Each structure stands twice: as C-alpha cells, then as structure tokens.
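Anchor point for the sequence shown: position 409 equals 410 in my numbering, and the numbering is continuous, going up by one each time. Idealized CB from N, CA, C, for every residue including glycine. If you're wondering where the values come from, they're calculated on a predicted model, not measured in any experiment. Each remark here refers to the structure printed beneath this line.
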Amino acid sequence: MVISRILGVARNPAQLVLAAFVSLIAVGTVLLRLPFAVDGGLEHPGWHDSLFWSTSASTVTGLGTVDISTFSLFGELVLLALIQVGGFGIMTIGSVLAIVASRRIGLRQRILAQAEIGAVDMGELRYLISAIAKITVLVESTIALILFAHLATVDDISVGRAAYSSIFHGISAFNNAGISLYSDSLSRFVDDPLVVFPITAAFVIGGLGFPILVEFRRRVRPRKWSLHTRITISATVALILIGPLFVLIAEWTNPGTLGAMSIWEKIQAAWFQGVTPRTAGFNTVDIGALREPTLNFMTALMFIGAGSASTSGGIKVTTFAVLSYAMWAEIRGRQDVTAFRRRLPSAAIRQAMTIALLGVGIVFVTAVTLTAISPFHLTDTMFEAASAFGTVGLSTGITDALPKGGQLLLVVVMLVGRVGPITFIVALALRNEPRDYRFAEERPIIG
2 MVISRILGVA RNPAQLVLAA FVSLIAVGTV LLRLPFAVDG GLEHPGWHDS
52 LFWSTSASTV TGLGTVDIST FSLFGELVLL ALIQVGGFGI MTIGSVLAIV
102 ASRRIGLRQR ILAQAEIGAV DMGELRYLIS AIAKITVLVE STIALILFAH
152 LATVDDISVG RAAYSSIFHG ISAFNNAGIS LYSDSLSRFV DDPLVVFPIT
202 AAFVIGGLGF PILVEFRRRV RPRKWSLHTR ITISATVALI LIGPLFVLIA
252 EWTNPGTLGA MSIWEKIQAA WFQGVTPRTA GFNTVDIGAL REPTLNFMTA
302 LMFIGAGSAS TSGGIKVTTF AVLSYAMWAE IRGRQDVTAF RRRLPSAAIR
352 QAMTIALLGV GIVFVTAVTL TAISPFHLTD TMFEAASAFG TVGLSTGITD
402 ALPKGGQLLL VVVMLVGRVG PITFIVALAL RNEPRDYRFA EERPIIG
C-alpha cells in the first residue's frame, strides 16, 4: 500500500526510480528494527542506525554506524537482500519478473528499466534485462565457488561458514557494496591472493556497467565495440593502473599500512587498495593509517567512480573521460571534441559538465557541513563525503563518531550517489518546461 502510493504520485521514470529506492530503504529499516535482527545479548541499534545501514546496503555503499557483528544471521540476510535488490535495480528486477511471468514487457516497464540501468535502445531492453540477470547469476556464483573452494580449506572456518561467507562476499563484491561479514573488512586476507584477486575481479566486472557486459556477449572483438564501451574500458584500464601504482609509491614505507610487508605483499595490497576506491569499498589495510596524499588521491578516485549504468556511484568514468576529451580539444584549439575517431555531441558534453559540477557541489557542501558539526578535519570529511557520493564505503573510521545530523546527511548523499545526480534532480523537479524560442547569443570573457 505504501509503495504503491509512493509510486502513484511519481510523475516520471526518474521519480519512480527514486521512489523505489526510498521504499526499499524503508522496508529494510523496518526489518533491521525487528528484535531478532540483532545478535542475542547485544543492544538493539536505534532507528537512525537501522536507517543508515539499510540505506548503505540498498545503495550498495558499505558505510556503517555500528559494527556488522551487531546483526544476527537474519539481519545479515536482510542486508544481503538489500544489496542484491539495490545493486541489480528494483525496476530491473520488476521487469525481469514481468518477462518470466508473461513473456512480454510493456512500454511502461521498459521506460522504468531504461531509467534505472541506463539502457539506450528501447527495442533491445528485453534482451538487455534478461542478459543482466544471467550475467549477475553467473558472476556471483562463479566468485562464490572460487572463494568457497579456498575458504573451505582454512582451518578456523567451518564448511558451512565458508559457504555462507563465499556467497555473501561474492554478491557484495559483484554489486560493489563493500560490505563484509568481518569487522576488519578483508584485512585478515591481505596476503591471501585466492581471496584478494577473485574479489577484485568481481567488483571490477560489476563496475564496468551492465550495457558493456551485455555487449561483451555479442561483440567479442574490440574493433566492433561501441564508443561507450571503448571509452569506459580505456578509462577504466588507465585508472586501474594509476591507482595501485600511486598507493604503492605513497605507502611503501608507511609502517601503518605497507611498510612491514614483503615486496609481493606490498604489491598485492597496493593493487587491492588502489582499485577498490573507484567502486567497491573493501579494504585490506587500515584506511585511517593511510597518509594524507593517499587519502586525497582515493577521494578523487571515489568521486570519479566506475562505469555508467553499473552498481557504482560517483560521476562515472565516462563523464570523467568526456570532460578530459573536451579539455584536450580546447587546449589543441579544435572545433570538435572527438574520441576514437568519433565526434562527441555537445549535449553529451553539457551533460558531463552538469553531472561533474553537481557532484563537486554535493561532495564539497557535505564535507564542509560535516567539518562544521564534528571535530574532524576536512581531509577526513571530504573522504567520507566522496565515499558516500561514490557509494564506495571506505572510511577513515569517523562514520560512527559523526553526530546524528551528519549521519542523516550521509544517508541522503548515498541515495543521491546511487540514483545519480541528474536522476535525483529530475525526480525532484515539478515539471519540464521546454522553450520554443532561443535568446540572442553573446559571448562572455572566459578565464
């Protein structure tokens, strides 16, 4: 009744997507407030803690105001369900159910799913959604099996616990949630390549974006890839190479992170910690012990995020790449902005600028507000704000120490980061007002 009433007042697909996530968060909050959602003997967290964790799981972020060990098996399963539904997309799941039930999908469902997953071709949406379901099951089950084959051999982990942990972390990794069953995230596995690399593979694949994963199924040869896929892959590869290299150099002698490790362990830890800020939120080293340049660099990675129409937040790598191409064209004095022998439309460049500026504004205002209402410095609050906006989940350890007002602010930012700044703003707009005229052109002085 509540969900249908919320959906009933929505005026456009963007509003429906936002309303669907709000409804999911509300349901998750209620479930986490149930007495048996908390481990026996522990004090039940308050409403705002349940709301925060529900939002964090639904938006596949990973930040938390209380330790995950607070929750019982039921509570953990609620979080896992929120991760899966939030990551896969409420509208996408609804469309898949419609396909299975009636073998047909109506125009309304297609519009809603298009707004959620960023599909471009309405005619192919049915194929896209069914392919997404297959890819999700395939990747999550494969990663879970790989992890189980290894964790089942670990002495202090039972077979049942190994199976549950493998499934949980496989789903969390592919959906880029960064939520772990362990209080130290994955720090206990910092020197274990059979955990580090499968988890990395899962969140890198999930961070590419569903349209690209579907395209890989049909067009294996790079020569036939679309421009979107080429831009995303090239930008992703560049950031994957730069991130770990920066962490390795900056933290090489830091005794709190990589300093005491062997050379191979340093490379492995730097690889994981250099890739995870773009999307996932797991950590194998103490984030609070990182040096300030590393934290600032990770803040930038979290702000950029991963691929469009993926389970990550941030402005997305395609936005970052388009702005880079535009800047390069301006520096070279070129009339057109081009990439891979294709001219980029001005509308795409304007959209990229809008998303980037909205993202900068959201993160900056959030960080300044958190600094004003808490005792933490701007570096920590900026890191926290970028982590929430990028739905990453990394933290220097200040989340639970923030005042309730600051935590509620992060709830809003996580939601904005998950649905995207443009979708969030459009959802709040009362109506569209297209103009049938154009004003006279006049050029201001720039720079």
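Inset, instruction - Express the C-alpha separation of L152 and S166 in angstroms, rounding to a whole number. - result: 8 Å
Inset, instruction - Would you mind working out which of S57, F211, L52, L32 sits nearest L74, comparing C-alpha positions? - result: L32
Legend entry - Helix, strand or coil at F149 according to DSSP, with G and I counted as helix: helix
Inset, instruction - Using a threshold of 9 Å, state whether the C-beta atoms of F273 and I363 are closer than that. - result: no
Legend entry - Between the CA atoms of F22 and Q16 - distance to the nearest angstrom: The alpha-carbon of Q16 is positioned some 10 Å away from that of F22.
Legend entry - Distance CB(S450)-CB(I168) smaller than 9 Å: Nothing about residue 450 can be read from this structure; the chain reaches only from 2 to 448.
Legend entry - Contact check, F298 vs V369, beta carbons under 9 Å: The beta carbons of F298 and V369 sit no closer together than 9 Å.
Legend entry - Identified DSSP bridge partners for R343: The bridge partners DSSP lists for R343 are A340.
Legend entry - Closer than 9 Å to chain B by CB, F75: Looking for chain B here will not work: only one protein chain is present.
Inset, instruction - Could you say if the segment 347–354 and the segment 322–330 meet the contact criterion of at least three C-beta pairs nearer than 8 Å? - result: yes
Inset, instruction - Please name the residue, chosen from R292, V238, L19, L81, that lies closest to G308 on a Cα-to-Cα basis. - result: Of R292, V238, L19, L81, the residue nearest in Cα terms is V238.
Inset, instruction - Figure out for me which residue from T60, D50, F37 has the closest Cα to the Cα of L19. - result: T60
Inset, instruction - Spell out a yes or no on whether the segment 375–392 and the segment 414–422 are touching, meaning 3 or more CB-CB pairs, one atom from each, closer than 8 Å. - result: yes
Legend entry - Contact the segment 262–280 vs the segment 219–231: 3+ CB pairs below 8 Å: no
Inset, instruction - Drop a sphere of 10 angstroms on the beta-carbon of R104, count the other beta-carbons inside from all chains shown, and report buried for 16 or more, exposed for fewer. - result: Low confidence applies here, because R104 scores a pLDDT of 48, under 50, leaving its location unreliable and the question unanswered by this model.
Inset, instruction - Take I399 as the anchor and find which of D185, D381, G257, G47 has the nearest alpha-carbon. - result: Nearest option by C-alpha distance: D381.
Inset, instruction - Find the nearest neighbour of E216 within the set A203, T230, G207, V205, judged by alpha-carbon distance. - result: T230
Legend entry - Close beta carbons around A132, own chain, < 6 Å, minus the five adjacent residues each side: V215
Inset, instruction - Counting only the same chain and skipping the five closest in sequence on each side, list residues whose C-beta sits under 6 Å from that of L345. - result: V338
Inset, instruction - Measure the alpha-carbon distance for I305 versus A236 and round it to whole angstroms. - result: 11 Å
Legend entry - C-beta atoms of A203 and G171 nearer than 9 Å: yes
Inset, instruction - Please work out which residues of its chain come closer than 6 Å, Cβ to Cβ, to A387, disregarding the five sequence neighbours upstream and downstream, and give them in chain order. - result: Contacts found: T300, M303, F304, V364.
Inset, instruction - Would you give the residue range spanned by the alpha helix (DSSP H) that F175 belongs to? - result: 160–175
Inset, instruction - Helix, strand or coil for V155, going by three-state DSSP, please let me know. - result: coil
Inset, instruction - Pick out the complete alpha helix (DSSP H) segments inside the segment 25–103, 4 residues or longer, and give them in chain order. - result: Segments of the alpha helix (DSSP H) lying fully in the segment 25–103: 48–59, 74–89, 91–103.
Inset, instruction - Out of F190, T30, S70, state which residue places its alpha-carbon closest to the alpha-carbon of L148. - result: For L148, the nearest C-alpha among the options comes from F190.
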